[in-house]
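Novice:
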Ligand SMILES: Nc1nc2c(c(=O)[nH]1)N[C@H]1C(S)=C(S)[C@@H](COP(=O)(O)OP(=O)(O)OC[C@H]3O[C@@H](n4cnc5c(=O)[nH]c(N)nc54)[C@H](O)[C@@H]3O)O[C@H]1N2
Ligand SMILES: Nc1nc2c(c(=O)[nH]1)N[C@H]1C(S)=C(S)[C@@H](COP(=O)(O)OP(=O)(O)OC[C@H]3O[C@@H](n4cnc5c(=O)[nH]c(N)nc54)[C@H](O)[C@@H]3O)O[C@H]1N2
Ligand code: SF4
Ligand SMILES: [Mo]
């Protein structure tokens with residue numbers, strides 16, 4: 002069996018994978034030792050990709066409404082509805098909402114269709130929610146959206162600064178590289194309001210006040226100036242500096258003022274400033290804590306200002322480094338898939354428009370930037386967008402104020418969704434669903450955070466009627482009437498066109514250029530090995546501005562409003578280590594569920610105490626936009642007044658944890674990126690009468706209906722954690738038919754039910770009001786046993802208790818103390834109940850008299 006070299010499906014680190022197909026839909030995954038991004042390593046998500054390539058939940062045929070349709074019918078309908086809508090209401094009445102999870106070739110075709118042929122720039126992407134502030138910051142400073150750094154810079158740095166980045170969880174392989182460099186002596190500083198696992202391992206953690214990054218960076222720049230750490234030569238030769246720049250940087254930038262604004266100990270701040278000023282080889286990595294802010298672009302420029310003014314750019318080990326989230330966020334930037342860019346690093350200037358139109362031989366070309374994601378969904382809600390095509394993203398979950406986004410989707414006359422999964426929270430609103438090829442079935446290229454372009458290769462044949470995204474889009478383009486412009490037969494043809502456009506009339510004004518590659522033959526494309534474009538940008542101090550100089554941008558700290566009376570807390574949102582976004586894929590992998598099985602709201606102990614919320618209890622998080630329920634984790638890793646929730650849970654997986662409902666639809670004024678990290682909120686404890694869990698082979702016939710029900714995948718089935726106030730008897734509707742064993746303890750409100758089929762456990766429902774619940778692990782393991790253990794209702798193996806007392810039941814190795822405890826705790830009334838709960842006495846039966854005696858003694862004891 003030959004290993005196929007491909008790229009991980011998940012994050013922007015872009016790890017290379019060697020995949021060995023072992024069966025029809027089975028694959029063995031290893032890190033590719035030859036890939037420069039990971040040199041053979043993989044994180045938990047990459048390692049378990051093999052658990053996600055099955056066909057469960059896949060969309061495998063086109064659907065019109067609830068009916069299967071042929072590709073011809075579905076594509077004709079999409080083409081007709083878009084054409085008709087444009088004819089009636091103009092090109093700006095339609096929109097595409099796409100994704101950094103498309104391959105470059107997919108992205109290129111979608112962008113070409115919208116901007117060059119439909120003639121609108123209403124194509125935006127989930128990257129708007131992700132790194133558009135970085136794009137805007139780079140463009141303001143460098144004249145072009147170029148990430149100058151590479152991973153090798155980490156290997157050469159003496160100081161690594163992580164701003165708003167939980168790298169250990171979100172870019173784990175980059176993080177391992179950082180750790181390796183720290184082991185060799187480099188220092189690590191983490192700037193994040195939360196004490197994340199990344200922060201725990203740092204030499205210095207600065208838990209700043211959310212949204213105070215500009216003050217921190219301006220303070221740093223002022224400090225460097227005082228300390229003589231600026232690069233005067235670089236400033237003079239390569240930077241343009243606004244007249245009042247230094248004056249404005251100095252405002253409020255003394256150590257004490259900054260410490261107050263950022264709510265940090267001045268001594269820690271000074272330590273960071275001194276370290277930074279003294280360490281020329283510094284790499285500053287930043288991600289969502291910086292980008293996802295109402296001042297995101299200013300925060301990016303505050304970081305870039307420091308690196309530019311100290312000359313720490315374009316040099317080994319000295320770089321600002323915007324790390325990207327999605328596997329192909331960078332490819333999307335290269336094709337120009339944002340509403341605010343045209344194509345191939347060109348904007349909407351008249352000569353660029355003419356050039357791109359000429360190159361595409363297009364009938365028209367978008368005149369101006371289109372609607373950015375938040376505006377786009379607002380326009381949808383207001384009826385200005387009348388046909389929307391969503392590809393490879395789940396906006397009903399991931400957009401801010403997702404409740405309004407859902408209303409807008411519901412009101413839109415024509416919604417098309419291309420996805421790999423049949424039922425997502427977004428596809429619930431689709432008039433047409435198109436089955437896309439998934440990772441493992443697709444061919445094309447992706448660009449990772451450090452500009453390395455890698456091939457993603459198909460491992461399996463296309464299942465059912467699934468088709469690659471580029472194919473779907475070009476078919477619609479052809480059916481809309483543009484046959485020759487969308488005559489692609491394979492991704493390699495699109496790739497060559499993309500490369501030609503990048504180099505077209507490009508005299509060096511655009512750094513993004515792949516000229517040599519436009520002549521790559523199909524075989525060469527198939528054999529392509531990872532390469533980084535652009536060499537070392539800015540190494541010569543030349544930038545992509547008309548005068549070749551980078552620009553320092555005057556940025557000032559916005560006032561941070563104090564807590565509002567009705568909304569006294571600040572809600573921060575983000576990611577868990579082992580889940581990916583809306584969990585459509587990681588949710589399939591049981592091993593990835595173990596890290597965090599439920600959506601938690603993390604809260605500081607003082608806030609918890611004040612609000613009466615307790616560890617392990619439930620709590621509502623409410624904002625003016627909506628509310629959702631979470632399991633509480635009390636932790637000093639949170640700052641006081643701030644709470645954190647994860648973004649991963651959806652309607653498919655949970656009755657709570659719906660973080661998308663909570664953030665405001667407010668955006669950074671320059672980039673249009675939403676401020677996901679700071680939402681005024683409040684928290685309230687919720688008491689429930691009972692709690693419990695449901696373990697099932699496979700999925701429930703009916704979803705458990707109660708206040709709290711969250712699902713995770715387990716080997717051979719699913720686990721639902723439950724809590725509620727109503728009658729738990731309702732939950733039995735979720736149980737499959739089968740042989741039922743049951744134990745009830747009315748005093749504690751405990752009910753334990755196991756359902757067996759041919760001796761095998763197929764479901765277990767345990768509910769209690771005041772009793773204990775066993776750990777789920779053992780019962781989950783029982784799903785895989787051909788013959789279930791007789792102790793199912795005890796929820797544990799016979800006889801594993803620490804102090805079991807003298808063995809009473811020899812067959813199952815059950816001690817006296819275990820039995821007595823079970824009689825008490827579970828109010829077991831007879832020998833049969835003991836057997837049901839523990840298994841004791843259910844085999845040879847010799848101990849049944851002893852059991853009866855113990856029961857009698859307990860009854861006397863209790864009386
Ligand atoms: N496991 C996992 N990995 C992923 C993803 C995933 O879903 N799961 N998604 C990928 C994607 S698309 C992305 S964009 C990346 C995101 O990767 P990250 O940006 O690392 O992830 P987040 O958890 O969104 O946020 C990062 C940190 O910003 C901090 N923060 C909040 N407010 C502020 C502030 O005002 N200032 C500063 N300095 N920090 C602040 C938060 O506390 C949080 O710890 O992860 C990628 N990798
Ligand atoms: N509150 C809050 N919200 C956030 C964030 C936050 O930090 N806080 N982060 C934001 C960020 S940075 C991001 S990137 C977004 C991510 O948010 P989304 O993009 O909505 O998240 P995903 O779950 O990755 O959605 C991808 C969808 O594409 C499907 N898919 C996978 N592969 C393919 C393919 O090849 N073709 C097609 N057609 N479909 C495919 C998947 O099944 C899934 O339904 O969330 C944003 N929302
Ligand atoms: S670090 Fe990112 S790219 Fe690498 S294996 Fe993990 S999820 Fe995949
Ligand atoms: Mo992202």
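Residue numbers (this note's numbering): 2 to 864.
Every residue, glycine too, gets a C-beta built ideally from N, C-alpha and C.
Being a predicted model, the structure only gives us computed values, none of them experimental.
Looking only at its own chain, which residues have a Cβ that is under 8 Å from the Cβ of residue 831, when we skip the five neighbours before and after it?
Specialist: These residues qualify, in order along the chain: 856.
Novice: What is the DSSP secondary structure of residue 349, reduced to helix, strand or coil?
Specialist: Here residue 349 sits in coil by DSSP.
Novice: Tell me residue 624's beta-bridge partners as DSSP assigns them.
Specialist: Answer is 627, bridged to residue 624.
Novice: Go to residue 206, then tell me how far its beta strand (DSSP E) extends in each direction, as first and last residue.
Specialist: Element bounds for residue 206: 205-207.
Novice: In chain order, what are the residues with a CB under 6 Å from some non-hydrogen atom of ligand 4?
Specialist: Cβ-based neighbours of ligand 4 within the cut-off: 131, 326, 327.
Novice: Any idea if residue 596 is buried or exposed, counting beta-carbon neighbours within 10 angstroms, 16 or more meaning buried?
Specialist: Per the 10 Å Cβ criterion, exposed.
Novice: Quick one: what does DSSP say residue 252 is sitting in, helix, strand or coil?
Specialist: The answer is coil: DSSP assigns residue 252 none of H, G, I, E or B.
Novice: Keeping to the same chain, check which residues put their C-beta closer than 7 Å to that of residue 727; ignore five residues upstream and five downstream.
Specialist: Excluding residues within five positions, the ones whose Cβ falls inside 7 Å are 707.
Novice: Only counting runs of 3 or more residues, tell me where the beta strand (DSSP E) segments fall wholly within the stretch 110-136, in order along the chain.
Specialist: As far as the stretch 110-136 is concerned, its whole beta strand (DSSP E) runs of at least 3 residues are 124-126.
Novice: When you compare only the Cα positions, how much space is there between residue 592 and residue 49?
Specialist: When rounded, the distance between both Cα atoms is 8 Å.
Novice: When the distance is taken between beta carbons, is residue 785 closer than 9 Å to residue 729?
Specialist: Taking 9 Å as the Cβ cut-off, residue 729 and residue 785 do not qualify as a contacting pair.
Novice: Which residues does DSSP pair with residue 30 in a beta bridge?
Specialist: The partner list for residue 30 (beta bridge, DSSP) reads 20.
Novice: Excluding the five sequence neighbours on either side, which residues of its own chain have a C-beta within less than 7 Å of the C-beta of residue 771, listed in chain order?
Specialist: The answer, listed in chain order, is 749, 750.
Novice: Looking at C-alpha atoms only, which residue of 412, 4, 47, 20 is the closest neighbour of residue 12?
Specialist: That would be 47, whose Cα lies nearest to the Cα of residue 12.
Novice: Spatial neighbours of residue 836 within its chain, please: CB distance less than 6 Å, with the 5 preceding and 5 following residues excluded, ordered by chain position.
Specialist: Around residue 836: 842, 843.
Novice: Following a CB-centred definition, is residue 48 positioned closer than 8 Å to any heavy atom of ligand 3?
Specialist: Yes - ligand 3 has a heavy atom lying nearer than 8 Å to the Cβ of residue 48.
Novice: Evaluate the contact criterion for the stretch 402-418 versus the stretch 274-288: three or more CB pairs, one atom per stretch, below 8 Å.
Specialist: No contact exists between the stretch 402-418 and the stretch 274-288.
Novice: Please confirm whether residue 645 and residue 664 have their CB atoms less than 9 Å apart.
Specialist: Not a contact, by the Cβ cut-off of 9 Å.
Novice: What does DSSP give as the partner residue(s) for residue 64 in the beta ladder?
Specialist: According to DSSP, residue 64 bridges with 69, 434.
Novice: Hey, would you say residue 38 sits closer than 9 Å to residue 30, going by beta carbons?
Specialist: No, the pair does not count as a contact, with Cβ atoms beyond the cut-off.
Novice: For the 8 Å Cβ check, are there 3 or more pairs between the stretch 59-75 and the stretch 358-368?
Specialist: The stretch 59-75 vs the stretch 358-368: no contact.
Novice: Locate the alpha helix (DSSP H) running through residue 306, then write down its first and last residues.
Specialist: Looking at the DSSP string, the run of the alpha helix (DSSP H) that includes residue 306 is 297-310.
Novice: Going by CA-CA distance only, name the one from 216, 402, 335 that's closest to residue 374.
Specialist: Ranking 216, 402, 335 by Cα distance to residue 374 puts 402 first.
Novice: Is it true that the stretch 460-467 meets the stretch 482-489, where meeting means three or more beta-carbon pairs spaced less than 8 Å apart?
Specialist: No: the two stretches stay apart, fewer than three of their Cβ pairs being nearer than 8 Å.
Novice: Only counting the same chain, and skipping five residues up and downstream in sequence, which positions put a Cβ closer than 6 Å to that of residue 398?
Specialist: Hits under 6 Å: 426, 583, 651, 661.
Novice: If you count every other CB in all the chains shown that lies within 10 Å of the CB of residue 170, and 16 or more means buried, which is it?
Specialist: Looking at its Cβ environment, which holds 16 or more other Cβ atoms inside 10 Å, residue 170 is buried.
Novice: Excluding five sequence neighbours on each side, which residues of the same chain lie with their C-beta closer than 6 Å to the C-beta of residue 51?
Specialist: Result list for residue 51: 28, 30, in chain order.
Novice: Assuming residue 523 is part of the alpha helix (DSSP H), what are its boundary residues?
Specialist: 523-528 is the span of the alpha helix (DSSP H), which, as asked, contains residue 523.
Novice: Taking the straight line between their C-alpha atoms, what separation do you get for residue 739 and residue 589?
Specialist: Cα-Cα distance, rounded: 26 Å.
Novice: To the nearest angstrom, report how far apart residue 416 and residue 107 are at their CA atoms.
Specialist: Their backbone Cα atoms lie some 19 Å apart in a straight line.
Novice: In the DSSP assignment, find the unbroken alpha helix (DSSP H) run with residue 752 in it and report its ends.
Specialist: Unbroken run through residue 752 is the beta strand (DSSP E), 751-758; no alpha helix (DSSP H).
Novice: Tell me the rounded alpha-carbon separation between residue 390 and residue 330.
Specialist: Rounded to the nearest angstrom, the two C-alpha atoms are 19 Å apart.
Novice: Decide if residue 420 is buried, meaning its Cβ has at least 16 other Cβ atoms within 10 Å, or exposed.
Specialist: Per the 10 Å Cβ criterion, buried.
Novice: Would the beta-carbon of residue 741 fall within 9 Å of that of residue 757?
Specialist: Contact: yes.
Novice: For residue 162, which beta-bridge partners are listed by DSSP?
Specialist: Note: residue 162 sits in a beta bridge opposite 190, 285.
Novice: Can you confirm whether the stretch 121-137 touches the stretch 234-247 when touching is taken to mean that 3 or more C-beta pairs between the two stretches lie within less than 8 Å?
Specialist: Flag = no, the stretch 234-247 and the stretch 121-137 do not touch.
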